[in-house]
Every structure is written in C-alpha cells, then in structure tokens.
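Student: Under the numbering used here, residues -8 to 513 are what the sequence shown spells out, in order. Heads up, the beta-carbon is just placed ideally off N, CA and C, and yes, glycines get one too. First the structure, then my questions, so here it is.
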Amino acid sequence: MLNSAEKPITLLTKLPINPLGLSRQLAPGIDKLGVFLPYTPLHHLLMQLVGNPIVATSANRSGEPIIGDSAEIKCHLGHVVDAILNYNRAIINACDDSVVQVIDNQIQVIRLARGYAPLTINIDDKQNIGSRHVLAVGAQQKNTVAFGFDHNMILSPHIGDLFSLEAQQYFHQSLATFTRLYDFNPSHLVHDNHPQYAPTQWAMAYQEQHELPSAQCVGVQHHYAHVLSVMAAHQHTDTVFGVSFDGTGLGDDGTLWGSEVMLADINGFTTLAHFSEFTLIGGEQAIKQPVRILLALLFEHLPLEQVLRLPINAIKQLGTQTVTNLHRLWINNSHCIKCRSVGRLFDALAVGLNLLEQNDYEGQAGMMIETAANQYLQQVADQNSQYKTAINEINLSQYRAPKADISDVIQWHSSQFITQLVLAVHEQDSPITTAHLTQQLCWQFMAEIADKIDRVAKDYRDYPQVFCGGVFQNKTLLSQCLTLSKRANHQVFTSQHVPINDGGIALGQLWYGVNWWAQKKH
C-alpha cells in the first residue's frame, strides 16, 4: 500500500520510433512497439532505485503532439516531471499510443496509432484509382490523413487536434513524411466542408499553389464522412442506414449538426431524422461552459424565475445577474449559434443532473452519464426492488418538418426532452433518493434515444446499419442500439479498426473521392 508520505515519480519516456510507428532498435525492457513490457528487469531496477511508485508516460502537453526532442521536453515539461528516460538515437516520427475498447465482443478503435497504423485497405479494381494520387486531409479534431493510390487506401496514425501552432506543424510534418515514404504526389484532394478547419485551408492553399483544377478538389459533409468511413472499412458503395452522432460539425445549412440519421451511399445522403435545433449562447464558449447549453434548452419551456429557482449547482454558481444576461442574449439571439448535436445534449444533461459543472476534459459528460446509467442497470440486475420506484414516463417526442427536396424529416424535441429529465429529478414527488433517480434518468436518456433510432430504422430493414461519430464511444448507448438492431434482425456494419470518432473522417473522405473520380472517368 502506498504510504501517504510517498510521492509517485513521473517518468517521461523518449524512445526511437520510425515513421511506421515501430522501434528501429530494441533496448533492454522495451518491446517491439517501443513501450514498456508489463514487467522487465528495467522495471525492477527502477523500482529498487526509486523506492516509490512510477508513472511512466509519453512526453506531450494536453492537446499537442508528442515531443521527440530532449531539449524541448526539458523546456516545456521539465517543471512537472522528475526524470526523463532518454535514448541516444533520434526519433524520426513520433507515434502516439493506440486506444481501443471492446463493446459487445467487438473492438472499437478510439485512437489509431502504435501497433495499428498506418492502416492499409486494399481495394478492388472497380474503384479504379489509376494514376491518381488522392489525398484526404481529415477533420480539425483527432486529425488523421488518408492516401489513395494504386489499389491502396492508407489511413495515417493519429495526428491530433489542430488548434495550436505546434499541432499544425506536426500535421505538415506528417504529410511530408508519408508523401516521401510512399512517393506520393497529391493530384486530387478531399477535405471537410468547414472553411475554417486547418486541413481545409491547407487543401485550398495546396490547390492554388499547384494550380489544380477545381474539379480535382472536393469537400465532403462531416457527418456523411463519418458514415463513409465505416462503408470504406467494408468496401461498401450501396445504400446504408447511417446514424452519425457527435459533438459538432458544419451542416449543409450553415448550422452545427451532430444528430444525423440518414440514408447514404457513395454518391450522397438523404436526411431521415435529427434532433431539433437549440442555441449555444456565446457560441463556442458554451462548449467550454455547458451550463449555457442547459440554460438555452430550459429557457424554451420555463420562465427565467423558475430556472433560477432550480437547485442546479452550475446555475447557482453563475448567479442571478449572469443568468439574466445570458437569458437576454438568448432572447435576442445575440452571439449565439444554432446547433443540433447529441454530444452537446449529453453536456447539458450532465450539468442539469448536477453530475458536473464544467467540462474538464473531452467526453466527461458522456462518461459520467454512462457510469450513472450502468449503476442503475446493476441495481436492476441485482433485483434491488427498493430502487424500482416508478417515475413519470420520459418521452422523446417528435414531429415531422417538411422539406422541399425530400419527404418529411423527423425531428426530436431537444429542449422538451432535456427539460423533462431535469424537472424529473429536481421536482420529484417520489420517495426514491435523488442519487438513484439520477442514475435511472441517465439510463432512460440513452434508452429513449436508442428506441427512437430503432423506430426510424424499422422502415429501412433492407439496408445495413452504421453507428458512427464520437458519441458512439459511449458503450452503454451503442450496446443498447446494437441490442435493438439484433432483435430486429438488422445487419450492422461495425467500424472495425477505423476510429469511430473524427479520426476516421479522412478515410471516409478518401472513400468518397476514390469513387467520385472513378465514376467521373467513366
């Protein structure tokens, strides 16, 4: 047991990794992928010398790529670590750790990196890449890039979020590394439709610099690319029933999407259903401070005075004046962005149920809601009747919004749904404790979403089903969706080794481009 006086030692590891993510030369205690084995003589020696627990981790600051130079490590991280495990050979190309999980006995890749990347998919002659070199530059977050040439589609290792200068430099370095390795000279480009994404801007600049015809540079809608990435893993070009849920992504109408249910094939997509729009008060600030999202949803159904009376910690911390000011911004639609993202609904619900007050890390709200829901399911499995008290039924209501070019699109009421859940826990008449009621509501939140997806899918049973986007990293939600699909004998395409989040976007873009230009040639 760790003595309270003992302090864990933080050790940064700097190991020689080649451009393909493998060690060029092995050292004692280092396996073929350049990471510590579970137990080695090196570990034993270090533990004997230090006498305290050791935290060994790669060298990078949050949101930035791995640092491969010892001088940079000392400069940026020297004040937070105790020791650096260095090596006498330079790192040519750093490669992050892979992250995977298992859902219903299927591996789901969250970060494609060491041991998995580059991921190569051999494609059939009918795609006919020919002499074209197709480059897909991916998304802004969890960026990867993908290369198409000959009969190959290759997805790069994880590059990361491109919000800092260092990360964007790493993006450029990764492109240079792989174009050199594969003797690849991009002749056709595919990018996200968001004009402010760094990869999109890079593609536009490359097109202009190399005087590529506009027909050789195409954009693909973000959530459609998510579905395409799973289609690419299965080399599928025909229609699928796609469910693409994530935190953000520019929609074709200029608003932020993230709750898309669609019929998609290699030529395009048709929207079947999505959540209704709600407001991000202050724009991106609402993502960092999700109480703003909750307030916007509650304002649609409750007067300001009632919202202020709710025993929600994050609202109380803001204070009456700030909440009143945010209400004024919401009424005037000032400094606001319209959104229909499921990821943002997770944020709002977690705040409304007092599970968190602000996001300290990505996916925090989803993890806390999932944990609470699983605790409820465990109680049910244990047949603990004490906590089976009935509560008012929570319904995700819907309506059909007419759209000129297609049949009616189903919209699920975002604000009504979240308001029901929040009031159920804070205005309860039930003897059930708040903690256990919160757990039950977290489960009902996800179960109701899965049920509504299944209800839409009942008319499209002939098409394979695809679940994609970062929200489906939530094991409980995805497992419930898969259970309903299996019950209905619905074929499901899994993401296999393709990242289910934005790390798979580049492959989806590439699959679109490869088929787009193959058709154009004919």
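(1) In whole angstroms, give me the CA-to-CA distance for N492 and G460.
(2) Quick one: give me the first and last residue of the alpha helix (DSSP H) that L254 is part of.
(3) Just verifying my parser: in three-state terms, what is the DSSP assignment at I360?
(4) Would you mind working out which of I83, R105 and Y78 sits nearest V90, comparing C-alpha positions?
(5) Does the region 158 to 167 touch the region 46 to 65, meaning 3 or more C-beta pairs lie closer than 8 Å?
(6) Look at the alpha carbon of N386 and the alpha carbon of L412, and state the distance between them as a whole number of angstroms.
(7) Compute the Euclidean distance between the alpha carbons of Q198 and A509, then round it to the nearest angstrom.
(8) Could you tell me whether the Cβ atoms of H417 and L301 are closer together than 8 Å?
(9) Taking all protein chains shown into account, decide if P148 is buried (16 or more other Cβ within 10 angstroms of its Cβ) or exposed.
(10) For V211, count neighbouring Cβ atoms within 10 angstroms of its own Cβ and tell me buried if that reaches 16, exposed if not.
(11) For the beta strand (DSSP E) that contains T270, what are its first and last residues?
(12) So R102 is in the beta strand (DSSP E); what residue range does that whole segment cover?
(13) Within this structure, are the beta carbons of H214 and W248 separated by less than 8 Å?
(14) With respect to the alpha helix (DSSP H) encompassing G343, which residues constitute its N-terminal and C-terminal limits?
(15) Using three-state DSSP, classify L126 as helix, strand or coil.
(16) In this structure, how does DSSP classify Q227 when only helix, strand and coil are distinguished?
(17) Whole alpha helix (DSSP H) runs in the region 380 to 462 with 4 or more residues, listed along the chain?
(18) Measure the alpha-carbon distance for P19 versus L498 and round it to whole angstroms.
(19) Taking the alpha helix (DSSP H) that N176 belongs to, which residues open and close that run?
(20) With H, G and I counted as helix, E and B as strand and the rest as coil, what does DSSP make of Q471?
(21) Taking the C-alpha atoms as reference points, what is the distance between A438 and V505?
(22) Would you check whether the ligand ZN has a heavy atom nearer than 7 Å to the C-beta of Q510?
(23) Excluding sequence positions up to five away, which residues of its chain have a Cβ less than 8 Å from the Cβ of H488?
(24) I'd like to know if H265 contacts chain C, where contact means its C-beta is closer than 8 Å to some C-beta of that chain.
(25) Would you kindly report the start and end of the unbroken alpha helix (DSSP H) that includes Q159?
(26) Taking the continuous alpha helix (DSSP H) assigned at K330, which residues delimit it?
(27) Quick one: using the 10 Å Cβ neighbour count with 16 as the cut-off for buried, is E516 buried or exposed?
(28) Is the distance from the Cβ of A206 to the Cβ of Q500 below 8 Å?
(29) Nearest to L180 by alpha carbon, out of A194, D174, Y188 and Y173?
(30) Pull the bridge partners of V483 from the DSSP assignment, please.
(31) Who pairs with A264 in a beta bridge, going by DSSP?
(32) By how many angstroms is the C-alpha of F463 removed from the C-alpha of L166?
(33) Does the beta-carbon of A356 have 16 or more other beta-carbons within 10 angstroms, so that it is buried, or is it exposed?
(34) Tell me whether R15 sits in a helix, a strand or coil according to DSSP, three-state version.
(35) Inspect the beta-carbon positions of Y188 and A130 and report whether they are closer than 8 Å.
(36) Quick check: the region 274 to 284 against the region 465 to 478, are there 3 or more CB pairs under 8 Å?
Tutor: Considering the structure as presented:
(1) 5 Å
(2) Not the alpha helix (DSSP H): L254 falls in the beta strand (DSSP E), residues S250 to D256.
(3) helix
(4) R105
(5) yes
(6) 9 Å
(7) 20 Å
(8) yes
(9) buried
(10) buried
(11) F269 to I272
(12) Q97 to R102
(13) yes
(14) V333 to G343
(15) strand
(16) Rather than Gln, the amino acid found at residue 227 in this sequence is His. Here H227 sits in coil by DSSP.
(17) 405 to 417 and 425 to 448
(18) Its pLDDT being 37, under 50, P19 is placed unreliably in this model, and the value from its coordinates should be taken loosely. The alpha-carbon atoms of P19 and L498 are separated by roughly 37 Å.
(19) Looking at the DSSP string, N176 is not in any alpha helix (DSSP H), and its letter there is neither H nor E.
(20) helix
(21) 37 Å
(22) In the structure shown, the ligand ZN is absent, as is every other ligand, since no ligand is present at all.
(23) I98, V100, L103, Y107, L110 and A224
(24) Absent from the structure is chain C; it holds one protein chain and no more.
(25) L156 to L172
(26) Note that residue 330 is Cys in the sequence shown here, rather than Lys. Taken as a continuous stretch (DSSP letters only), C330 belongs to no alpha helix (DSSP H), being part of the beta strand (DSSP E) at C327 to C330.
(27) Past the boundaries of the shown model lies residue 516; the chain is included only from -8 to 513, so the question cannot be answered.
(28) no
(29) A194
(30) Q456
(31) V252 and I401
(32) 29 Å
(33) buried
(34) With a pLDDT of 33 at R15, under the threshold of 50, the predicted position of this residue should be treated as unreliable, though the coordinate-derived value follows. If DSSP states are grouped into helix, strand and coil, R15 belongs with coil.
(35) yes
(36) no
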